[in-house]
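The structure under discussion appears below in the form of structure tokens.
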Amino acid sequence: MKASGEMLSGGEILIECMKKAGADLMFSYPGGSLTGFYDTLFDSDLRHILPRHEQGGAHAADGYARATGKVGVCMATSGPGATNLVTGIGTAYMDSVPMVIVTGQVVTNLIGGDAFQEADIVGITRPIVKHSYLVTDVKDLARTMTEAFHIAKTGRPGPVLVDIPKDVFAARTKYDGGGEVSLLGYQPNVEGHPMQVKKLLKALEGAKRPVIYIGGGLVASDGATEELIKFAESANVPVVSSFMGQGGYPADRPNWVGWLGMHGNYASNMAVMEADFIVAIGTRFTDRSTGRLDRFAAKAKLAHIDIDPASISKNVRIDIPVVGDAKNVLAMINKYMPDFKWDKNSADREGWFKQVMAWNKDKPFSYVYSDKVIKPQYVVESIYDVTGGEAVIATDVGQNQMWAAQFYKYKYPRQLISSGGMGTMGYGLPAAMGAKIGRPDKEVFCITGDGGVLMNIQELCTCVQYRVGVKVAILNNRFLGMVRQWQQLMFNKRYTDTCLECQPDFVKLAESFGCVGLRASKPSEVKDVLTESMKITDRPVVMDFVCAREENVYPMVPPGAGNDEMIIR
């Protein structure tokens, strides 16, 4: 670490601010506006990962952040390098992922003149960042970077963009360490109001059919799971989650029901539809979770715990709002629990709990096994068995994503890494790479489709270079599966441009990158392939599972329907 008061270049200041913030790793692709920074990097001990595409670098930083809870950092040059980050930034924004994105910019006196590789990346990304900066004076850089890391990780997390012109990287000034952060108008409320918490508990005390509904915000609040377990099990309330909330309450605990929404399980959807009181924690009530809004939880009063006041009553009317960090508010709930009488409706609540669990037993996630053709659900189940349910799972988007959520049981927070809000194809492989770099102690699987994996498959080269031992399980049905499913069910099987007949040989392609390539063509080969993959740790393993072509994801809530109108099969 450099001492305060030293004369440093802008590039050196950036590196020092990263270290001060606890960020010792960045995913970055060089370019003209970054040449001065890369010269500085040559003498630095900062860990640098070179992706093969800027979008891959953004998704890798995202996966790293989700898996570790740290701030992910990525960087790209001006113009096309910066615009290639946009999808990754939007993905992180929708899922509240803490990231700092640094972009190079043309020299300050050329800004606005349509210079070579100039793009107004601050303007382009304004709707999809938590905050953004254009630094035009090197004296502002340390303060700006310190603020960027603070904003990214506090309150509701999110991506912060810092655009730095080439001459600012080269300019020198006295390094002041960035100072203490004090931002007028930005003081996130993290504690929760005791009066609101007591209102919540009073309503829960009188409820006969209560449900706890958790989202990704609970997962992002480190330590919240332990407080949730105490709360849910002492009050004996069933727990459901959104897709992104999986792992926030362990799937092997007694109060777990499942996840709700378009492809969620029957019991979770019915529990929310029939509940009389719902405690929602860290969820945005998105359309994929709620189904038809005017029918969602129509019989229930709702309490909503969320660190972002703008999320409360945004989509669903909330009766009891509690603004604060999930862990802090749950700790307060547990503190006040003994002050209330939990035997008030004990018989009704016990009957309700049994009803919810009976729904789960009667209509679980299921599929028809075949000993002739590989069912994709069987592959996911087999990954769960082979890994003992302990692996970190990164997914792509589509049918593979839903099957990974339905047939792998998530036991701990940050175990499921997936693009929820944006639904970004091509996310899985680079996110798995970032997750494995961040959590080298964990086995990391990327569950992907043959369509999605090709969107960022170049990152296999990055994994080989840095010896990142991710496992890539391709559920290969030679279709863009989820769109094909909609075409089958709603458009009379008019399969327009969803059939992927021209595909590479994934085993040969993997080997050409320097990976290990394996294939299973029948069910009896699936576990052997997975077991073999677990023996290899020093490079990626790509597994091509040749699956049933027209297998569908069920349950499914049709567009415009309520969550109790599921197509079961």
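Letter by letter, the sequence shown follows residues 583 to 1151 in this note's numbering. We treat Cβ as the ideally placed atom computed from N, Cα and C, and that holds for glycine.
Item: If I measure Cβ to Cβ from residue 715 and keep anything under 6 Å in the same chain, skipping five residues before and after, which residues do I get?; Value: 726 and 744
Item: For residue 709, which of 723, 673, 694 and 685 has the nearest alpha-carbon?; Value: 673
Item: Go to residue 851, then tell me how far its alpha helix (DSSP H) extends in each direction, as first and last residue.; Value: 848–856
Item: Nearer than 7 Å: is that true of the beta carbon of residue 675 relative to any heavy atom of the ligand SAH?; Value: In the structure on display, the ligand SAH does not appear, and there are no ligands present to speak of.
Item: With DSSP as the reference, label residue 1015 as helix, strand or coil.; Value: helix
Item: Report the residue from 1138, 1133, 1036 and 1063 whose alpha carbon sits nearest the alpha carbon of residue 638.; Value: 1036
Item: So residue 830 and residue 801 are supposed to be a Cβ contact under 8 Å. How far apart are they, rounded?; Value: 5 Å
Item: Between 1150, 1045 and 766, which has its C-alpha nearest residue 1120's C-alpha?; Value: 1045
Item: With DSSP collapsed to three states, give me the class of residue 705.; Value: helix
Item: Relative to the C-alpha of residue 818, which candidate in 688, 930, 1051 and 896 has its C-alpha closest?; Value: 930
Item: State yes or no: is the C-beta of residue 663 within less than 8 Å of the C-beta of residue 700?; Value: no
Item: Do the region 849–866 and the region 962–975 meet, that is, are 3 or more Cβ pairs less than 8 Å apart?; Value: no
Item: Rounded to whole angstroms, what's the CA-CA distance from residue 1017 to residue 943? Just pull it up for me.; Value: 34 Å
Item: Shortest alpha-carbon distance to residue 983 belongs to which of 951, 862, 933 and 1135?; Value: 1135
Item: Give the C-beta separation of residue 849 and residue 938 to the nearest angstrom, bearing in mind that I take them to be a contact with Cβ-Cβ under 8 Å.; Value: 6 Å
Item: From the DSSP output, which residues share a beta bridge with residue 888?; Value: 905
Item: How would you label residue 1150, buried or exposed, when you count the other beta carbons within 10 angstroms and need 16 or more for buried?; Value: exposed
Item: Kindly identify the DSSP beta-bridge partner or partners of residue 1057.; Value: 1031 and 1127
Item: Which residues mark the beginning and the end of the alpha helix (DSSP H) in which residue 1089 is found?; Value: 1088–1095
Item: Report back the beta-carbon spacing between residue 605 and residue 655 to the nearest angstrom; my notes put them in contact at under 8 Å.; Value: 5 Å
Item: Quick check: what's the CA-CA separation for residue 1009 versus residue 1034?; Value: 8 Å
Item: Note down the Cα distance separating residue 840 from residue 847, rounded to an integer number of angstroms.; Value: 6 Å
Item: Can you give me the C-alpha to C-alpha distance between residue 1137 and residue 1148, rounded to a whole angstrom?; Value: 6 Å
Item: Using DSSP bridges, identify the partner residues of residue 656.; Value: 609 and 683
Item: In three-state terms, what does DSSP make of residue 745?; Value: strand
Item: Spell out the partners DSSP gives residue 975 in its beta bridges.; Value: 998 and 1027
Item: Could you give the C-beta distance for residue 909 and residue 806, rounded to a whole number, given that I count them as a contact under 8 Å?; Value: 4 Å
Item: In the DSSP assignment, find the alpha helix (DSSP H) that holds residue 1161 and state where it starts and stops.; Value: A question about residue 1161 goes unanswered here, because the residues of the chain that appear run from 583 up to 1151.
Item: Could you check the C-alpha separation between residue 742 and residue 842 for me, to the nearest Å?; Value: 31 Å
Item: Rounded to the nearest angstrom, how far is the Cβ of residue 1054 from that of residue 998, given a contact under 8 Å?; Value: So it is not a contact: roughly 16 Å between Cβ atoms.
Item: Comparing alpha-carbon positions, which option in 996, 866 and 903 lies nearest residue 974?; Value: 996
Item: Return the chain-ordered ranges of every alpha helix (DSSP H) run that is complete within the region 803–869 and spans a minimum of 4 residues.; Value: 806–817 and 848–856
Item: Closer than 8 Å is the cut-off here; do at least three beta carbon pairs connect the region 1074–1083 with the region 1046–1066?; Value: yes
Item: Alpha carbons only, please: which of 732, 1140 and 659 is nearest the one belonging to residue 1072?; Value: 1140
Item: Under the rule that 16 or more other beta-carbon atoms within 10 Å means buried, what is residue 1066, buried or exposed?; Value: buried
Item: Specify, as a first and last residue, the run of the alpha helix (DSSP H) that residue 641 falls within.; Value: 636–650
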